[in-house]
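Just so you know, the sequence shown maps onto residues 0 to 39 in numbering that gives the first Met the number 0. Where a beta carbon is used, it is the ideal one built from N, C-alpha and C, also for glycine.
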Amino acid sequence: MNSNTLNQISKLCASLNWLCQHLFNKKMLFAKFLKQCWLI
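Right, dumping it as structure tokens:
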């Protein structure tokens, strides 16, 4: 593999990682929101 391919792969991994973090944060917020609703 040349360095360009590795660069592309690392960029892809970085964006996937960001996406996972983003979705996880959304899920956490949603869970908090649901808990708030149950408390009302």
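- Apart from sequence neighbours up to five positions away, no residue of its chain approaches leucine 11 with a beta-carbon distance below 7 Å.
- For the pair phenylalanine 29 and leucine 22, the Cα-to-Cα distance works out to about 10 Å.
- Secondary structure of asparagine 3 (DSSP, three-state): helix.
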